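Input: a single structure, listed below in structure tokens.
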Amino acid sequence: MHGAFNEIYVIDCSTLRLIEINQAARDNLQFTTTAFTSMTLADLAHQPVAALVQTLHPLHNNNNNRLVQHITLELRFNRRDGSSYPIALRIFLTPYTSDTAEPVLIAIGHDISAQRLSKQALDQSESRYRAIAANTPGLVYQFRLLADGSTAFPYLSAGCHALLGIKANRLRAQPGLFLNLILQQDRAAYLSAMKTSAASMHSWNWEGRIWVEAWKDVKWINLRSTPGLTLQNEVQWDGIMTNITQSKLEELELKHSRARLAELTAHVEQVKEQERTRIAREIHDDLGGNLTAMKMALALLTRKLPPEETKLIEKAQYLDALVDRTIDAAHRIARDLRPGILDIGIVAAIEWQAREFEKQNGIPCTLCCDQDDIEIHPDHAAALFRIFQEGLTNIAKHARASHVVVRLNRTGQGIRLEITDNGQGITAMDRLKPESYGIRGMIERAKTLGGELSIGAAPDGGCSITIDLPIGDIRQRNHQKESTTI
């Protein structure tokens, strides 16, 4: 008995006096052997003897002289130094092998201080967890995929009813109710996301709509959880569900606002092009015609002046040169407003602008196009031409390039324009600068017509701009074609 690890006590049945204890008990309680012989179990536990005798009374109902029954007690024993510790006792009634042969109690005890501390820490941890879960917006949950394919909710926080309109205990009892909440058109995506997460053991992130019967309302919810395996090799997710209805409605409203803004921007660009065309036509027809008439009248007056009126002749020649410069300026302004070459076709317009760029900046510009013309809606052609102009302007201002390559091709139901230079390139920070209106304007022009514009590094250095636009309804081209040849 003295070599045992547990504390062992031999106790008198009637008085609860300690008859014998092992060394482990002596070491823990710190009393001397003499002191123990005068102590009772009640002394160690600081409880009345009568109360303990009453607790142990069921053991005395058995009259057999063998181990047939035991009682388990948890008491707190007091040491000699005044400290105490919890102990779990298993108490047996058994005959004692002495001359008296009176039955005695044998108590086998185990110090459970560590278990108590662990339980206390666990209780505190669970209390903190429940407090956090109770104060977390949404529903904190555990969801389990069972071996037979069915599901279970081992844990649901207090936010269950507020989010789903179902009490937590009801959903735990009937976990299939959750799938029934999900709108029919969103269930396939939900089940697919669950299966993918279970197979890959990656996080499960899903958002969709549910019907909340309690409020006769549709909610958007977001589900985020992390999977793990249980001891039964079943997948269990720990996660949170949140109500994202408001953010979804705001997102949809933002999309609608952007769509309306894109429509407005497209309309404004269309009106601007129409106004440019109108002004260019008036400059060509009215101002150009009047200037031409003035030039003819000046030529007639000059011929009628006497040869000796040299000063008047010089004045007339000066006015004639001034009219010529004004006609050239009118032609240039009209071309800038809307090049008449756009009426010939987008390929011709791009090629003309490339040649103008070469003349103005002295930078070679090579056009690669395998077609003489590409049928495209007039509005799309004008937008693509303006983007091309802005791209060349940026190259002239910032790129420090010595060569530009332009590729124009038909791609399925669209058209692609690539502008590549061998200059110093463009950084991400340059694109994000607040004053980068040129780049942003190019991107917005492409977006308003359902296209895309991307900017990246060219293979051999420099910058590459790629514009993809749908060709639009080319049947409208002939109806909207303007005869503005300048």
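For the sequence shown, the numbering used here begins at 746 and goes up steadily by one.
Every residue, glycine too, gets a C-beta built ideally from N, C-alpha and C.
Keep in mind that this is a model prediction, so the values were computed, not measured.
Give the single residue among the options whose Cα lies nearest to the Cα of residue i.
i, options, result
"residue 1089", "1059, 1057, 1130 and 1104", "1130"
"residue 987", "967, 994, 962 and 996", "967"
"residue 1159", "1186, 1122 and 1185", "1122"
"residue 804", "848, 1152 and 864", "848"
"residue 860", "835, 896 and 819", "819"
"residue 1202", "1155, 1184, 1182 and 1172", "1172"
"residue 955", "944, 929, 938 and 939", "929"
"residue 975", "890, 870 and 1022", "890"
"residue 899", "913, 1084 and 1155", "913"
"residue 834", "827, 823 and 851", "851"
"residue 1204", "1170, 1196, 1052 and 1195", "1170"
"residue 1093", "1083, 1040 and 1117", "1117"
"residue 1022", "992, 1040 and 1087", "1087"
"residue 896", "863, 855 and 940", "940"
"residue 762", "769, 751 and 781", "781"
"residue 770", "759, 826, 822 and 867", "822"
"residue 788", "997, 756 and 1019", "756"
"residue 1145", "829, 867, 1206 and 963", "1206"
"residue 1161", "1091, 994, 921 and 923", "1091"
"residue 1120", "1039, 1156, 927 and 1024", "1156"
"residue 764", "1040, 783 and 1055", "783"
"residue 759", "800, 1054 and 1007", "800"
"residue 993", "963, 1016 and 1020", "963"
Taking 7 Å as the cut-off, is the CB of residue i close to at least one heavy atom of the ligand NAD?
i, result
"residue 1043", "Although the ligand NAD was asked about, the structure shown includes no ligands whatsoever."
Looking at residue j and residue i, is the spacing between their C-beta atoms short of 8 Å?
i, j, result
"residue 1125", "residue 1214", "yes"
"residue 815", "residue 837", "yes"
"residue 919", "residue 982", "no"
"residue 1036", "residue 1095", "no"
"residue 1114", "residue 1153", "yes"
"residue 1138", "residue 1186", "no"
"residue 936", "residue 917", "no"
"residue 798", "residue 785", "no"
"residue 883", "residue 985", "yes"
"residue 697", "residue 1128", "Nothing can be reported for residue 697, as the shown portion of the chain is limited to 746 through 1231."
"residue 934", "residue 972", "no"
"residue 965", "residue 979", "no"
"residue 858", "residue 831", "yes"
"residue 969", "residue 948", "yes"
"residue 775", "residue 824", "yes"
"residue 960", "residue 904", "no"
"residue 751", "residue 855", "yes"
"residue 1043", "residue 1069", "no"
"residue 1018", "residue 1083", "yes"
"residue 977", "residue 892", "yes"
"residue 1033", "residue 1074", "no"
Quickly, what does DSSP pair residue i with across the bridge? List them, please.
i, result
"residue 819", "833"
"residue 1215", "1159"
"residue 783", "None; residue 783 has no bridge partner."
"residue 1201", "1209"
"residue 1113", "1152"
"residue 756", "763 and 850"
"residue 838", "850"
"residue 1063", "Paired residue(s): none; residue 1063 is not in a bridge."
"residue 906", "Residue 906 pairs with nothing; no bridge assigned."
"residue 888", "982"
"residue 897", "889"
"residue 1125", "None, per the DSSP bridge assignment."
"residue 855", "833"
request  = Could you say if the segment 1061-1078 and the segment 1040-1049 meet the contact criterion of at least three C-beta pairs nearer than 8 Å?
outcome  = yes
Segment contact flag, the segment 1209-1216 with the segment 1160-1170, C-beta cutoff 8 Å, min 3 pairs = yes
ask   = At which residue ranges does the segment 1141-1197 contain complete beta strand (DSSP E) runs of 3 or more residues, listed in the order of the chain?
value = 1149-1156 and 1159-1166
At least 3 beta-carbon pairs within less than 8 Å: the segment 1027-1041 vs the segment 1077-1085 = yes
message = Please give me, in chain order, every unbroken run of the beta strand (DSSP E) with length at least 3 that falls completely inside the segment 912-973.
response = 949-957
request  = Take every Cβ of the segment 1105-1112, pair it with every Cβ of the segment 1147-1158, and state whether three or more of those distances are shorter than 8 Å.
outcome  = yes
query = For the segment 1181-1201 against the segment 1131-1138, are there 3 or more C-beta pairs whose distance is under 8 Å?
reply = yes
query = Along the chain, which unbroken stretches of the alpha helix (DSSP H) at least 4 residues long are found entirely within the segment 979-1047?
reply = 990-1027
Contained alpha helix (DSSP H) runs [length at least 4] in the segment 1080-1110, N- to C-terminal order = 1091-1106
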